[in-house]
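Going by the UniProt record's numbering, the sequence shown runs without a break in its numbering and finishes at 249. Ideal Cβ placement from N, Cα and C applies to all residues, glycine included. This one's a predicted model, so the numbers in the text were calculated from it and none came from an experiment. In what follows, a structure is listed as structure tokens, so that the remarks can point back to it.
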Amino acid sequence: MGAQPAEGRLSHLHRTDGSATFAHNDHCIVASVNGPIEAQRRDEDPFEAVIDVTVRPAAGVGGTRERQLESLLQASLQQLICTKRFPRSVFQITLQVTQTPTDDYVNSKLNQAQQNLVALPALLHAALLALVSGAVPLEGVATAVVVAILQATGEPKIVGEPSRREASEARSLHVFGFTAKGDLLLAESEGNFTVGEWDAAAALGLKRCCGQLQGTTEGNDEGEEDAQDMVRTLRSITEAKAASDGRWR
């Protein structure tokens, strides 16, 4: 099964400062943002705002998986939000998972680490859209992508946006996030791989995330098309909201 198109919606929750829903590749995330609000004395930073990220699973209560995702997202969003403008404040970002991919042929309990990585891009994109909805000042925007290294005879096969089955059978999984300027924001890996394979996966991740913005013109492969589609999708979601607000006024 190929990658499914990304969809999003902004500002549909009325009791938050910003909100968004983002769906892509069978993941659906509802994000909300509140802030800047005054931080408690024990949590405040006198020089910049604190980023508080909470990930809620589709069913049950959060555990170690959600804590790991929260840590990764907090570190990434800390670099994108203009935190130094809001000392002694906190931004509360809540990410509710409402849908996850299912596969009758894959036992998800045996692939917990892979699931964490596969969910990261959708969580990051939902959080960014919610921040835009809440008019939170940002240093820039970013996109993320999953890259899989499949075991094959001869040279390993490197696949961007792998299917559910490819992700479960991959020798290693990687998530790369890049800013619009092409700077590396997020890099998480799981499995067995060499340094050369990691470099190749990172290069594919860069092309998928911002190949169009980097001005790459050689070829017109599937990777460049996907990168353009994701950039256009995130932009079109915000443009549609801005146009809607403009018509209301």
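State the start and end residues of the unbroken beta strand (DSSP E) segment that holds Gln-99.
The sequence position of residue 99 within the sequence shown is 99, counting from 1. Per DSSP, Gln-99 belongs to the beta strand (DSSP E) from 89–99.
For the 8 Å Cβ check, are there 3 or more pairs between the region 72–83 and the region 8–20?
no
Compute the Euclidean distance between the alpha carbons of Glu-197 and Leu-117, then round it to the nearest angstrom.
Within the sequence shown, numbered from 1, the residue matching residue 197 stands at position 197. Within the sequence shown, numbered from 1, the residue matching residue 117 stands at position 117. For Glu-197 and Leu-117, the gap between their C-alpha atoms comes out near 18 Å.
In terms of residues, what are the limits of the alpha helix (DSSP H) holding Val-195?
On the sequence shown, position 195 is the one that residue 195 refers to. 195–210 is the span of the alpha helix (DSSP H), which, as asked, contains Val-195.
Where Ala-49 and Leu-69 are concerned, what is the direct C-alpha to C-alpha distance, given to the nearest angstrom?
Counted from its first residue, the sequence shown places residue 49 at position 49. Counted from its first residue, the sequence shown places residue 69 at position 69. Looking at the two C-alpha atoms, the distance is approximately 20 Å.
Leaving aside the five residues before and after Asn-34 along the sequence, list all residues of the same chain whose C-beta is less than 6 Å from its C-beta, in chain order.
In the sequence shown, counting from the first residue as 1, residue 34 sits at position 34. Excluding residues within five positions, the ones whose Cβ falls inside 6 Å are Thr-16, Asp-17, Gln-92.
If you run the structure through DSSP and keep just helix, strand and coil, what is Ser-236?
Mapped onto the sequence shown, residue 236 falls at position 236. Here Ser-236 sits in helix by DSSP.
Compute the Euclidean distance between the alpha carbons of Ser-189 and Arg-85, then round it to the nearest angstrom.
On the sequence shown, residue 189 is found 189 positions in, with the first residue counted as 1. On the sequence shown, residue 85 is found 85 positions in, with the first residue counted as 1. Their Cα atoms are separated by approximately 33 Å.
Return yes when the Cβ of Gly-140 is within less than 9 Å of the Cβ of Lys-207, no when it is not.
As a position in the sequence shown, residue 207 is number 207, starting the count at 1. As a position in the sequence shown, residue 140 is number 140, starting the count at 1. Cβ distance not < 9 Å, so Lys-207 and Gly-140 don't count as in contact.
Tell me the rounded alpha-carbon separation between Val-195 and Thr-64.
By 1-based counting over the sequence shown, the position of residue 195 is 195. By 1-based counting over the sequence shown, the position of residue 64 is 64. Approximately 28 Å, taken between the alpha carbons.
Helix, strand or coil at Glu-7 [DSSP, three-state]:
Position 7 of the sequence shown, counted from the first residue, corresponds to residue 7. Three-state DSSP puts Glu-7 in a strand.
Alpha carbon of Ser-172 to alpha carbon of Ser-32, nearest angstrom:
Mapped onto the sequence shown, residue 172 falls at position 172. Mapped onto the sequence shown, residue 32 falls at position 32. Going by the C-alpha atoms only, they are around 32 Å apart.
Output the boundary residues of the beta strand (DSSP E) element that contains Ala-23.
Numbered from its first residue, the sequence shown carries residue 23 at position 23. Note, Ala-23: beta strand (DSSP E), 18–24.
Ignore the nearest five residues each way along the sequence and tell me which others in Ile-237's own chain have a CB closer than 7 Å to its CB.
In the sequence shown, the residue the question calls residue 237 occupies position 237. Counting only Cβ-Cβ distances below 7 Å, and skipping sequence neighbours, we find Gly-8, Leu-10, Leu-129.
In three-state DSSP terms, what is Leu-185?
Residue 185 sits at position 185 when you count from the first residue of the sequence shown. If DSSP states are grouped into helix, strand and coil, Leu-185 belongs with the strands.
So Ile-29 and Val-97 are supposed to be a Cβ contact under 8 Å. How far apart are they, rounded?
The count along the sequence shown starts at 1 and reaches residue 29 at position 29. The count along the sequence shown starts at 1 and reaches residue 97 at position 97. Contact holds; Cβ gap of about 6 Å.
Tell me whether the beta-carbon of Val-55 lies closer than 9 Å to the beta-carbon of Leu-123.
On the sequence shown, residue 55 is found 55 positions in, with the first residue counted as 1. On the sequence shown, residue 123 is found 123 positions in, with the first residue counted as 1. The answer is yes: Cβ separation under 9 Å.
Once you ignore the five residues that flank Gly-205 on each side, which residues in its own chain have a CB closer than 6 Å to its CB?
Taking the sequence shown and counting its residues from 1, one reaches residue 205 at position 205. Contacts found: Val-145, Val-147, Phe-176.
CA-CA distance, Ser-133 and Ala-242?
For the purposes of this step, residue 133 is taken as the residue at position 133 of the sequence shown. For the purposes of this step, residue 242 is taken as the residue at position 242 of the sequence shown. Taking the straight line joining both Cα atoms gives about 10 Å.
Measuring alpha carbon to alpha carbon, tell me which of His-27, Lys-157, Ile-51, Ala-142 ends up nearest Gly-182.
Translated into the one-based positions of the sequence shown, residue 182 becomes position 182. Comparing Cα positions, the closest option is Ala-142.
Flag this pair as yes or no: are the beta carbons of Asp-52 and Pro-101 separated by less than 9 Å?
Walking along the sequence shown from the start, residue 52 turns up at place 52. Walking along the sequence shown from the start, residue 101 turns up at place 101. Taking 9 Å as the Cβ cut-off, Asp-52 and Pro-101 do not qualify as a contacting pair.
Pick from Arg-164, Pro-137, Leu-138 that is closest to Leu-150, judged by C-alpha positions:
In the sequence shown, residue 150 corresponds to position 150, counting from 1. Answer by Cα proximity: Arg-164.
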